[in-house]
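With our numbering, you'll find the sequence shown wraps up at 102, consecutive numbering, no jumps.
Here a beta-carbon is modelled for each residue, glycine too, at the ideal position from N, C-alpha and C.
Here the structure is laid out as structure tokens; the discussion comes afterwards.
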Amino acid sequence: AIVKGVDEAVLDIGFATPVMGSAPFAALKGAVDAGMNIPHSDVAFPSEERIRGEHVAAYAAVLKKENPDAYKRQFGAYIKKGLDPADLPKHFEEILARVKAE
């Protein structure tokens with residue numbers, strides 16, 4: 001949006017019940033972090049740990065030990081691409097650095 005000259009917006013989730021930390025607020029945080037001027041309260045944003053996928057990495061580590069078959073089913077797409085789900089926070093930081101560099 002910023003590349004197209006749009007630097008202001010308003011988040012409209014329609015009739016949906018706003019849930020603090022949910023996907024629309026994660027997207028809002030991304031837009032705000034990118035420099036867009038959008039009225040908001042930081043209280044609605046998911047935690048940095050959640051955005052980085054630390055909860056997914058922790059779950060993957062537990063599942064890998066306790067139920068390898070379920071681990072392979074749940075995280076097969078990551079594994080197929082050569083990405084260890086336990087490394088999601090690190091991967092997030094790599095992608096974020098690339099996005100910021102552009």
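- Counted as a single uninterrupted DSSP element, the stretch harbouring H40 is not any alpha helix (DSSP H), since DSSP gives it neither H nor E.
- Residue ranges of uninterrupted alpha helix (DSSP H) with 4 or more members, entirely inside the stretch 3-90 and ordered along the chain, are 23-33, 48-51, 54-66, 68-74 and 76-80.
- Under the three-state reduction of DSSP output, A1 falls in the coil class, being neither helix nor strand.
- Contact between E48 and H55 fails: their C-beta atoms lie close to 12 Å from each other, not under 8 Å.
- Contact holds between the stretch 17-25 and the stretch 38-48, because three or more Cβ pairs, one in each stretch, are under 8 Å apart.
- The residues R52 and G53, in chain order, have a CB closer than 7 Å to that of F92 in the same chain once the five nearest residues on each side in sequence are set aside.
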